[in-house]
Amino acid sequence: MDPRAELSEFLRTRRARLTPADVGIAQFGRRRRVPGLRREELAQLAGVSVAYYTRLEQGNGRNVSVEVLDAISAALKLSDAEHAHLLHLAKPTPGRRRPSPQRQQVRPALLELLSTIDSVPAYIWGRRTDVLAWNRTASALFGDWDSRAPQDRNWARIVFLDPSSRTLFADWQAKASDVVGQLRLDAGQHAGDPVLNELIGELSVRSTEFRTMWAAHNVKRKTHAAMTFTHPLVGEIALHYETFALPGDQDQFLSTYHAEPASPSAEALRLLASWGTDAAVARN
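In our numbering, the protein residues as written are 36 to 319.
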């Protein structure tokens, strides 16, 4: 992917989603030919010249300062994740090492940790939304990850290419949007990652929905939320998830899911944990 084109499209789509009313600009009669703020309006809000902002939106962020980017971010009402994405696009870290095409490795101590919290679904994921390690209860909830080929243990491929995901996630659209938003973050940080570029190309060819979501340039970093599942064994189950960055590898994260105590979902989760243990014993 071309970083200049990515910066240009990101700024253009962020500007297009704002209306004058969103930023306190009075609108008088004249109909707008395009949606969103005009460049001159955004430049005025950020305190920069129209020519300067125009060069930036054309992808020329080479000499822009962090202070100017902060001002533009505030004017565009960017989220923390979007602000970080803008910084990565406009001011990529010099000499940053290109990610290895090999799958990331999980430390043995973290694998032990996963097995000790087997009463709740938990897994470790990394760059490109790759699922790197999991416990038995996670496999019972999300499907048998052991049976998938390593390259298919990837949330983007699961959500957009596995039809069963549309049943499992009660709000499939929200899950899909989260996955695409995370891939956008990865693309901003690792623009030269050939494996990520190949994944995005594959999904763009095989999924119209992915292609549409990707073109929107939305960026998300989901750290916690509620999620509802429709599981083939236990039916509807409402869980809360929490995601933690792991020490030792800035691109690895631990996600855990739990139910409200004494709720029907807690009982369903207990049954899933028991089923996951029984299935693992049967395989052995």
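C-beta: ideal position from N, C-alpha, C; glycine also.
When the Cα of residue i is compared with those of the options, which residue comes out closest?
i    : options                : result
R357 : P38, P143, E277, P70   : Coverage of the chain is limited to positions 36 through 319, which leaves residue 357 absent and any answer about it impossible.
P229 : L145, N95, Q79, R163   : R163
P55  : N95, L111, L42, A86    : L111
H259 : L268, Y276, W249, A250 : Y276
Q137 : R90, D181, P185        : P185
K255 : D115, F195, P143, A51  : D115
I159 : S298, V240, D284, A226 : D284
V194 : G223, R241, Y88, D153  : R241
V269 : Y87, D286, F279, S300  : S300
W207 : P143, S150, A297, M262 : M262
P267 : A303, P70, L281        : A303
T48  : D57, P70, V58, G59     : P70
A279 : N170, K257, S298       : The sequence as given places Phe at residue 279; Ala does not occur at that position. Of the listed residues, the one whose Cα sits closest to F279 is K257.
A109 : L146, S84, T247, V58   : V58
N253 : D181, E295, F264, A209 : A209
T151 : T172, L121, V99        : T172
A191 : W249, R142, A168, S182 : W249
S154 : G82, N170, A106, S200  : N170
R68  : L80, A211, A51, I60    : A51
R142 : P282, S298, A294, H293 : P282
E145 : L289, A294, L72, F264  : Inspection of the sequence shows that residue 145 is occupied by Leu rather than by Glu. Among L289, A294, L72, F264, the Cα nearest to that of L145 belongs to L289.
H123 : R90, L306, D105        : D105
A251 : D187, A211, A78        : A211
R201 : V103, F177, Y88        : F177
Looking at the strands, I want to know which residues DSSP matches up with residue i.
i    : result
A41  : Position check: residue 41 holds Glu in this sequence, whereas Ala was assumed. In DSSP, E41 forms no bridge with anything.
A290 : The question names Ala, yet the displayed sequence has Ser at residue 290. Looking at the DSSP assignment, S290 forms a beta bridge with Y158, T278.
N189 : D165
F195 : Beta-bridge pairing links F195 to no other residue.
F204 : F264
According to the neighbour-count rule (16 or more other Cβ atoms, all chains shown, within 10 Å of its Cβ), is residue i buried or exposed?
i    : result
T243 : exposed
T291 : buried
A125 : buried
V101 : exposed
P156 : buried
E271 : exposed
E117 : buried
D213 : buried
A308 : buried
G223 : buried
S199 : exposed
G216 : buried
S182 : exposed
S174 : buried
L53  : buried
Q140 : exposed
A81  : buried
A78  : buried
D221 : buried
A317 : Residue confidence is low: A317 scores 34 on pLDDT, short of 50, so the model does not pin down where it sits. Its coordinate-derived value is still stated next. Counting Cβ neighbours within 10 Å, A317 comes out exposed, since fewer than 16 surround it.
Does the distance between the C-beta of residue i and the nearest non-hydrogen atom of the ligand GDP fall short of 7 Å?
i    : result
A280 : The ligand GDP is not part of this structure, which contains no ligands at all.
Exercise for the section: Mind listing, in chain order, the continuous beta strand (DSSP E) runs of no fewer than 3 residues lying wholly within the segment 77 to 143? Expected result: Taken in chain order, the segment 77 to 143 contains no complete beta strand (DSSP E) segment of 3 residues or longer.
Handout entry: Sequence ranges, beta strand (DSSP E) only - wholly within the segment 218 to 275, length at least 3
Key = Within the segment 218 to 275, the complete beta strand (DSSP E) runs of at least 3 residues are 259 to 266.
Exercise for the section: Check whether the segment 224 to 242 touches the segment 157 to 172, counting contact only when three or more Cβ pairs, one atom from each stretch, lie closer than 8 Å. Expected result: Contact between the segment 224 to 242 and the segment 157 to 172 is established, with three or more Cβ pairs separated by less than 8 Å.
Practice task
Would you check if there are 3 or more beta carbon pairs closer than 8 Å linking the segment 38 to 47 to the segment 85 to 95?
Solution key: Because the criterion of three Cβ pairs below 8 Å is met, the segment 38 to 47 and the segment 85 to 95 touch.
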